[in-house]
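Numbering (the working numbering), first residue to last: 175 to 351.
The beta-carbon is built from N, C-alpha and C at its ideal position, and this holds for glycine as well.
Bear in mind the structure is a predicted one, so any value in this text is a computation, not a measurement.
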């Protein structure tokens with residue numbers, strides 16, 4: 175199986191996740207790592223958005239925590255523009271391809287910006303596996319995303335009950351009607 179059409183696209187995800195595509199007119203506080211965009215349907219329609227004008231802090235498929243407690247502070251890893259927290263791309267650890275699937279593994283860190291000095295609260299590892307599905311003209315790719323999050327210190331990152339946070343999917347701008 176020739177993975178060259180999909181894997182270069184997949185490898186762009188972590189680069190974009192590093193914040194290199196953040197609109198230059200925006201504050202650096204909106205830069206965010208650890209998200210997937212663009213995501214397309216099998217027919218090629220875009221289903222995710224990135225930096226939508228009404229929610230600059232929304233990014234494709236992501237794992238933001240909104241209401242948190244860490245060492246007596248309240249970092250916010252969802253509302254990036256408030257400057258209370260950020261998620262940084264750390265590394266592309268592993269890539270693979272083969273006749274059935276290919277993929278990559280990345281690391282990210284959730285950084286508390288409310289501390290006197292930025293402090294890593296949570297480490298995250300993603301494993302993204304891409305599968306070549308279908309045949310001929312009906313060929314498409316689908317993916318599995320596994321996110322593993324672990325506290326970065328002996329201090330817990332507490333996630334109080336809140337009405338949003340965790341897995342987020344920012345839909346295509348055209349869906350706004």
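DSSP places residue 262 within a strand segment (E or B) once states are collapsed to three.
It is roughly 19 angstroms from the alpha-carbon of residue 346 to the alpha-carbon of residue 339. Using a 10 angstroms sphere on the CB of residue 228, the tally of other CB atoms stays under 16, which defines it as exposed. By the neighbour-count definition (other C-beta atoms within 10 Å, threshold 16), residue 254 is a buried residue. Excluding five sequence positions before and after residue 209, the CB atoms of its chain that fall closer than 7 angstroms to its own CB belong to 191, 233, 234, 235 and 236, given in chain order. Per DSSP, residue 283 is one residue of the beta strand (DSSP E) stretching across 275-286. Between residue 247 and residue 289, the alpha-carbon positions lie close to 7 angstroms from each other.
Relative to the Cα of residue 316, the nearest Cα in the group 277, 322, 329 and 287 belongs to 277.
Residue pairing from DSSP leaves residue 329 without any beta-bridge partner.
Judged by pairs of C-beta atoms under 8 angstroms, the segment 216-225 does not touch the segment 261-272, as fewer than three such pairs exist. Here residue 306 is bridged, per DSSP, to 315.
Collapsing the DSSP output to three states places residue 289 in coil. Short of 6 angstroms from the beta carbon of residue 216, and not among the five residues preceding or following it, lie these beta carbons of its own chain, in chain order: 314.
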